[in-house]
Amino acid sequence: MKRVLKHIVDNHYKNISVVGLSKNAGKTVALNGLLEYFFEAGIRLGLTSSGRDGERKDVLTNTEKPGIFVVKGTLFSTTDALYKKAKYPAEILYIGEEKTPLGRVLLARAMEDSFIEIAGLQSNSGLNFLCDKMISLGANYCFIDGSINRQASASPQISDACILSVGAAYSRSMDKTVEIAAHTVNMFRIKEVNSEIRKVLLPVFNKCCFIEEKEVKVIEQLTALNAGANMAKEINSKTKYVYIPGALVFNTLESILKKNRLLKQCTIVVQDPTKIFLTPKEYLWVQKQGIEIQVFKEMKLLGVTINPYAPAGYFYNGNAFMEMLSKRISRVPIYDIIRNEVIVNEM
Amino acid sequence: MKCDGLRTVDTKKMELNEVISMLNPFTMMGIEEKSKMSFYTDIEELKNCFLELEEAKFNYQSHKEEVNKVENLLAHIKDLRYSLGCTISGQVLNSIELFEVKQCGLRMQQIKKYLDLIRHDNFSLEMNDVGELIKILDPKNEGLETFYIYDDFSLKLSEIRKRKRECGKILKLEIENLKKQVQIAFDVKVSQEHFVRVSKDQKERIEKMNQSHLLKYDSETYMQIQYKIRYNDKTIKYLELLDGLKENEEEEIFQVQKKLSQGIAKIAPKILENYERIAKLDFLWAKVRLAIKMDGKRPEISSKNYISIKNGFHPIVAKNLKETNILFQPLSITCESGVTCITGANMGGKTVCLKTTALLVSMMHLGLMVPCEKMACGLFEKLWLITGDEQSTKKGLSTFGSEISEVKEAIKTADKNTLILVDELASGTNPEEGQALLMALKDYLKRCPAISILTTHYDGIANDSMIKHYQVRGLENTSIEEVANLNDENERLVWLKKHMDYSLKEVDTFADVPKDALRIARMMGLEESVVKAAETILEKK
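For the protein sequence lines, the chains are A and B, in the order given.
Under our numbering, think of the first position of the first sequence as 349, with each following residue one higher.
Under our numbering, think of the first position of the second sequence as 21, with each following residue one higher.
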């Protein structure tokens, strides 16, 4: 994990998110493992979550969970309801009007080394606000614990870099888990569109548009879901890029292709990898059709962590799991934090 | 403000509710104050209210910077009246509540600072000084909006914490030592929670661990065994000591919270008074913002039974017209006891005249600046705006039925405190009977002390020397040729709206009611043969 720390510091990443492939994927263990190095180096951190984290017992599955351990001076977001119950001493810095299911959001500073429970806002703008606020209150880096299989908080619109946690909880079949993990990593690595196109897209960030050699056509529609037929009309032999601001789903691509084969020569641009909702099979089909997908802002994947245990009671062989993952995922370190092992496939 | 003021049939018809919804205070307290708003009944109180509003408006516009700052702070003042009440009744506030009270105190001081910079002549905008509160909650005088039961609050607490820290330090060293021993002995990593996990296939290591005095068995899964560090006597002693200290700390924190709450209770009345002042100020400024937005003027409150409006306008209708690029024609009207009749063309805005009058009169009674150039008006107790455009489906009445039931109530007490506005009575029934009914109503009302305004396009109603007669200018200065080349009906409608002069002119009581219906029908492009035939029928009569 030291390598990740160096990476973060060297690249001046400010907000780092930890996201899980599923619930109980080992995000908190990954977070703790990473935090340890930061605390050792005396770096002041801010922690937030897109849900609730650090509780000792999972309220959904009633299983035991690790707590989040922080040193004195660490900033974190929680809620007034959780703060009232808290056993740790912490100074209140800010109470917001923003309501969560657990009460109003609250920023605090740990007054002692202790296990804490964090909670935060769900929306992108809410998380952004909390991170900015913590940075302004003195945190050097912010970590976002993305709750329940939500990868949205990894969105480059919020965080500069992310860590993906893969756990056996995803499926009883290790093959399936490895496949989806490799696919997710592939998605996270989709390339950024060139800077010229980015310049063109910036003013129309929330609108669907078609870029020809010299012309940009913008169409007013709120979402690309079920809008395939409308979009097919706009594509002609000169169209180079198709920009879809919302979610990219298979249905849209399929219905465009049914009406207009010219899509095959276009590059599809989406805001960021978290906006792509394609299964591994669907993505393969898209690639076979010759359609390229690029993103407006790319994601920096710092590492993958594994958890071979599932709260449902089954588990994988840790060594085999790591080995299999490393065969499918290259150039990204894969960590087993509990056993303190790391593999990097440099191929 | 008293609750039994002007009674009006329906604030919806004149769109008073829309105007009231444009009053937007920032705080909960201001919103509460707004909900208490009612019609004034006392002339002196109302006059005073307008003087205060006018002074506030002047100050608001001349101290933009300070006002802006105060408004920003107001938006962030939380309603802590409940917490403050708790302290007065002897309850103890928790840290979150204390944080909020501190924050609120700091913000109130800021508001006070800026309000003191605003000059005020007759009406005070001052706030109580709550510096004592800050002193209690901010022992280090940092001025920061953060809160924690700091060591500075109690010597005992700081001592407990000091001992806790020392104890923690020793414990940490001791545990680090144990961890190191485990690491050296078994070459494994010890987690933050002092666990060691070993894979079951490492049989030798497990054997060693089972026999070691450093570790004790904790739990296992199919693949791993989890051990926990075995604490030595010294560690256990310090852990127990730490637990005791934690208990002491918790108790002392409660004592501090109690002391702080008692301190707050002493100043609470002052803070609560500030909340009342904030409520008043916030609502007052909301009224000022509304007045500025619609260019409202202070009306002159007359002790006589009298209404005079110069260039008044209906803000909601005007806003809607503006969206279609049409200017609202301002309304000027003067009425006294007895009947005033407004006649004029169809589409001439007679209804809008009545609605505007009703709205402006109601706004004045609420103590709001009125959108006009000048207005003078007496105080009323009842206002009836009777328009046939709404059927009272609830009661199962038709347009005519609901009109009559309202008129019945209205004329029961047509005394000098009543304003009756009737729009085209009985226009839905047959013209002969309708005309007769309206004529009779006019004759009845002209002897009553109430102010009544009737609109109609029936002949002969206004021909009465005892009443005042206004006419809507309508399409006075236009001719049919101008629209002849417009084919699109929409264009024609826009043209009509643009050229329709809604303003009123006072005319001789015996002036004819303008006959514009056929002309308008023609301008709107109704089949020429139909219009022609209608003209022939009229001529024959």
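A virtual CB, placed ideally from N, CA and C, is assigned to each residue, including glycine.
Keep in mind it's a predicted model, so treat the numbers as computed, not measured.
When DSSP builds the beta bridges, which residues end up paired with residue i?
| i | result |
| --- | --- |
| A:F463 | A:F417 |
| A:K447 | A:R452 |
| B:M395 | B:I329 |
| A:N655 | A:G515 |
| B:H83 | Partner(s): none; B:H83 has no beta bridge. |
| A:C490 | A:N363 and A:G394 |
| B:D532 | According to DSSP, B:D532 bridges with nothing at all. |
| B:Q244 | B:S219 |
| B:G358 | B:I471 |
| B:R539 | Answer is none; B:R539 lacks a bridge partner. |
| B:G110 | Per DSSP, none; premise fails for B:G110. |
Given this structure, state the Cα-to-Cα distance separating residue i from residue j, to the nearest angstrom.
| i | j | result |
| --- | --- | --- |
| A:K645 | A:V548 | 14 Å |
| A:N497 | A:S398 | Residue confidence is low: A:N497 scores 48 on pLDDT, short of 50, so the model does not pin down where it sits. Its coordinate-derived value is still stated next. Those two C-alpha atoms are separated by around 11 Å. |
| A:V366 | B:L265 | 36 Å |
| B:S418 | B:D443 | 16 Å |
| A:A577 | A:I604 | 6 Å |
| B:T529 | B:R542 | 29 Å |
| B:M21 | B:T371 | Only weak support exists for where B:M21 lies, its pLDDT of 31 falling under 50; the value from the coordinates is given anyway. Each residue's alpha carbon lies about 31 Å from the other. |
| A:F598 | A:M459 | 50 Å |
| B:L546 | B:K518 | 19 Å |
| A:L382 | A:V690 | 13 Å |
| A:K435 | A:G451 | 18 Å |
| B:R493 | B:S523 | 6 Å |
| A:G594 | A:S471 | 15 Å |
| B:L100 | B:K286 | 15 Å |
| B:G364 | B:C355 | 18 Å |
| B:D302 | B:V359 | 41 Å |
With a 10 Å radius around its C-beta and 16 neighbouring C-beta atoms as the bar for buried, classify residue i as buried or exposed.
| i | result |
| --- | --- |
| A:T653 | buried |
| A:Y518 | buried |
| B:R217 | buried |
| B:P45 | buried |
| B:C23 | Confidence in B:C23 is poor, its pLDDT being 38 and thus under 50, which makes the residue's placement unreliable; the coordinate value appears in the next sentence. Flag for B:C23 reads exposed. |
| B:F206 | buried |
| B:M486 | exposed |
| A:L550 | exposed |
| A:H360 | exposed |
| B:H96 | exposed |
| B:K552 | exposed |
| A:N688 | exposed |
| B:V550 | exposed |
| A:K623 | buried |
| B:I63 | exposed |
| A:P449 | exposed |
| B:Q111 | exposed |
| A:S585 | exposed |
| B:Y237 | exposed |
| A:A389 | exposed |
| B:D536 | buried |
| A:P504 | buried |
| B:S82 | exposed |
| B:H334 | buried |
Say whether chain D places a C-beta atom closer than 7 Å to the C-beta of residue i.
| i | result |
| --- | --- |
| A:N688 | Structure shown: chain D not included; protein chains present are A and B. |
Which ranges does the beta strand (DSSP E) cover as unbroken runs of at least 3 residues, wholly within the segment 538 to 598 of chain A, from first to last along the chain?
-> Fully enclosed beta strand (DSSP E) runs of 3 or longer: 556 to 559, 564 to 567 and 589 to 592.
Three-pair Cβ contact test at 8 Å for the segment 316 to 330 of chain B versus the segment 99 to 108 of chain B = No, because fewer than three Cβ pairs between the segment 316 to 330 of chain B and the segment 99 to 108 of chain B fall closer than 8 Å, the two stretches do not touch.
Segments of 3+ residues assigned as beta strand (DSSP E) that fall wholly inside the segment 201 to 229 of chain B | Runs of the beta strand (DSSP E) lying entirely within the segment 201 to 229 of chain B, each at least 3 residues long, are 215 to 219 in chain order.
Is there contact between the segment 611 to 628 of chain A and the segment 582 to 589 of chain A, where contact requires at least three CB pairs shorter than 8 Å?
-> In this structure the segment 611 to 628 of chain A lies against the segment 582 to 589 of chain A, because at least three pairs of beta carbons, one per stretch, are closer than 8 Å.
Segment contact flag, the segment 514 to 530 of chain A with the segment 674 to 690 of chain A, C-beta cutoff 8 Å, min 3 pairs = Touching, per the Cβ criterion.
Do the segment 281 to 299 of chain B and the segment 149 to 162 of chain B make contact, defined as three or more Cβ pairs closer than 8 Å?
-> Three or more pairs of CB atoms, one per stretch, sit closer than 8 Å, so the segment 281 to 299 of chain B contacts the segment 149 to 162 of chain B.
Does the segment 242 to 249 of chain B come close enough to the segment 257 to 273 of chain B that 3 or more CB-CB pairs lie under 8 Å?
-> The segment 257 to 273 of chain B vs the segment 242 to 249 of chain B: no contact.
Every unbroken alpha helix (DSSP H) inside the segment 454 to 523 of chain B [4 residues or more] | Listed in chain order, the complete alpha helix (DSSP H) runs (minimum 4 residues) inside the segment 454 to 523 of chain B are 501 to 504 and 509 to 519.
Stretch-stretch touch, CB-based, cutoff 8 Å, three pairs: the segment 389 to 399 of chain B with the segment 327 to 336 of chain B = Because the criterion of three Cβ pairs below 8 Å is met, the segment 389 to 399 of chain B and the segment 327 to 336 of chain B touch.
Within the segment 134 to 161 of chain B, ranges of the alpha helix (DSSP H) (whole runs, at least 4 residues) | Here the runs fully enclosed are 151 to 157.
Would you say the segment 477 to 485 of chain B touches the segment 373 to 382 of chain B, given that touching needs at least three Cβ pairs under 8 Å?
-> No: fewer than three Cβ pairs fall under 8 Å.
Would you call the segment 463 to 474 of chain B and the segment 339 to 349 of chain B in contact, with 3 or more CB pairs under 8 Å?
-> With a cut-off of 8 Å, the segment 339 to 349 of chain B and the segment 463 to 474 of chain B do not count as touching, because too few Cβ pairs lie within range.
Enumerate, from N- to C-terminal direction, the unbroken alpha helix (DSSP H) stretches of 4 or more residues contained entirely within the segment 627 to 678 of chain A.
-> Counting whole runs of 4 or more residues, the segment 627 to 678 of chain A contains the alpha helix (DSSP H) stretches 628 to 636 and 666 to 676.
Are the segment 218 to 235 of chain B and the segment 153 to 170 of chain B touching by the rule of at least three beta carbon pairs closer than 8 Å?
-> The segment 218 to 235 of chain B makes no contact with the segment 153 to 170 of chain B; the number of CB pairs closer than 8 Å stays below 3.
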